[in-house]
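Scroll down for the structure; my scribbles are underneath it.
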Amino acid sequence: MSSKMSSKRQIKRSKEKRSQDKMDKAMNDVKKIGIVSCCLIAVLLIIGIFINPKESYGAGFLEQLPDSFYSGMTTESQHLISDISLPEEFYGTSGNERLSYIYCMDHRLGMMGATTENPSLAHLYEKGNSVKSSFSLGETGRTATYNGLIYILQNDNITGNGAIDYYITQLAVWWYLDRANGFDDNYNYTSYDLGTATTSEDGKYNGYGDYTFYNNISAADKDTIAADNTYGKYVVSLVEGAVNNQNSYNDNLGTQEITIDTSNITYTIDNNYLETSLITPTSSNTSFESYSIQINSSVENIEILDENNNPISANNISANQGFKLRVPFNEVESENFKANITVIGYFSNFYDAYVYNPNPTDHSGVQLQRALLGLIERPTAPTTIDLEAPTIPVPNTNSTSYLIYGIGALIIIAGIVLIVVAKRPNNAKKK
0 MSSKMSSKRQ IKRSKEKRSQ DKMDKAMNDV KKIGIVSCCL IAVLLIIGIF INPKESYGAG
60 FLEQLPDSFY SGMTTESQHL ISDISLPEEF YGTSGNERLS YIYCMDHRLG MMGATTENPS
120 LAHLYEKGNS VKSSFSLGET GRTATYNGLI YILQNDNITG NGAIDYYITQ LAVWWYLDRA
180 NGFDDNYNYT SYDLGTATTS EDGKYNGYGD YTFYNNISAA DKDTIAADNT YGKYVVSLVE
240 GAVNNQNSYN DNLGTQEITI DTSNITYTID NNYLETSLIT PTSSNTSFES YSIQINSSVE
300 NIEILDENNN PISANNISAN QGFKLRVPFN EVESENFKAN ITVIGYFSNF YDAYVYNPNP
360 TDHSGVQLQR ALLGLIERPT APTTIDLEAP TIPVPNTNST SYLIYGIGAL IIIAGIVLIV
420 VAKRPNNAKK K
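Using numbering that gives the first Met the number 0, read the sequence shown as starting at 0 and increasing by one per residue.
Here you go:
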């Protein structure tokens with residue numbers, strides 16, 4: 000008996016030991032995982048500290064253009080097509096905020112911007128006219144507009160590499176300006192006067208290495224760009240697109256306003272709801288695209304419906320769609336409804352680009368290029384109306400209910416009376 004007991008104890012201890020061993024092994028595995036995880040986190044932190052990724056700045060449109068900015072640039076240059084060299088970046092700064100890339104508009108004039116090595120080279124640029132304006136071409140009496148630049152800025156995300164895209168876009172800006180200024184791609188010009196055309200490339204750069212022709216890219220360089228199948232093809236595509244689409248940006252946005260004719264608004268009411276007729280904001284501006292609604296009322300549960308009584312969002316209603324308001328009847332106080340409605344109209348994205356001029360008193364004596372910045376904006380226009388439903392005869396649902404209950408009770412009583420009357424003759428016969 001004792002040996003059997005001893006054997007059972009040994010088996011029990013053996014099981015307990017195996018369980019304990021498994022538990023110890025599991026805990027050791029957990030510790031190992033914890034240690035490895037900590038090491039990985041430490042490595043990632045070290046990498047994060049010592050690796051400083053280069054910031055990326057989009058070249059395209061700004062949501063809001065500044066009144067002025069200071070120029071900045073890199074000392075590193077790139078010549079992706081033949082020997083045509085440009086800085087890797089030329090950009091604007093406003094306070095501590097860095098703006099998108101800016102593009103130069105007069106190749107024969109200087110480029111100046113703050114560098115890491117020399118911050119004092121920052122130059123003040125001030126907002127001038129839209130590219131849709133008419134620009135004078137020297138003393139020739141000729142003028143030009145540069146609407147096509149908007150197309151170039153809208154399509155400046157080409158390869159995904161900011162520096163390369165800046166290079167391509169800058170060349171496209173210069174080439175398009177030559178086209179807009181009336182310069183033939185096959186000639187060079189020593190003034191804005193078209194009579195100064197020449198095929199010679201002599202004197203393209205002066206003794207300081209500055210470009211001298213009034214056409215921003217020389218005829219020979221244009222041939223070189225057009226023959227380049229790596230980057231030049233993108234330059235040509237942007238220029239052709241700008242020329243073909245330059246008339247797409249001539250329309251002025253016009254006056255932004257919306258109106259609502261409140262005299263046509265009517266109200267209906269039943270046992271469940273008070274509802275307005277269809278309300279439709281309108282605008283004389285063909286760019287009117289959509290609108291949103293803000294409601295201020297003591298009534299909380301106000302539904303916004305379309306003409307088919309389907310619920311719609313208050314934030315994005317198409318300009319050609321009206322809306323109705325519906326209020327639960329039990330929330331309408333004093334048998335009328337009041338609400339202040341603000342309707343905010345949204346107009347199509349309005350594309351424009353502006354020329355920024357170097358401040359003449361800043362770094363006086365240095366002739367600098369004009370700079371270009373583009374813009375996307377979505378203009379808005381609000382209008383406010385006050386809605387007040389007139390006093391409408393309101394059905395008294397309580398009285399109606401009492402009437403129904405009374406009629407029902409009378410029917411029941413009448414039924415009982417009929418049953419009693421019908422049974423009386425039978426009872427009399429039994430007696």
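Ideal Cβ positions, reconstructed from N, Cα and C, are used throughout, including at glycine. From a predicted model like this one, the values you see are computed outputs, not experimental measurements.
For S81 and T223, the gap between their C-alpha atoms comes out near 7 Å. One thing to note: G71 has its Cβ within 8 Å of the Cβ of G112. Secondary structure remark: continuous alpha helix (DSSP H) runs of at least 4 residues inside the region 187-262, in chain order: 218-226, 231-244. Collapsing the DSSP output to three states places Y150 in a helix. DSSP, read as helix, strand or coil, puts N329 in helix. Buried is the label assigned to N146, since at least 16 other Cβ atoms lie within 10 Å of its Cβ. Counting along the chain, R97 sits inside the beta strand (DSSP E) bounded by residues 96-100. The Cβ neighbour count for D164, taken over all protein chains shown within 10 Å, is at least 16; the residue is labelled buried. Per the C-alpha coordinates, the member of N284, A226, T73 positioned closest to E116 is T73. Distance from the CA atom of P357 to the CA atom of S289, rounded to whole angstroms, is 39 Å.
In this structure, Q368 sits away from D155, with a CB-CB distance that is not shorter than 8 Å.
In this structure, I157 sits away from I149, with a CB-CB distance that is not shorter than 8 Å. Of the other Cβ atoms in all chains shown, fewer than 16 fall within 10 Å of the Cβ of E138; this residue is therefore exposed. For S247, the closest alpha carbon among the candidates I151, F328, D177 is that of I151. Below 8 Å, enough C-beta pairs join the region 87-103 and the region 368-379 to call them touching: three or more.
Excluding five sequence positions before and after H78, the CB atoms of its chain that fall closer than 7 Å to its own CB belong to S84, given in chain order. The residue from Y69, T189, E87 with its alpha-carbon nearest to that of S76 is E87.
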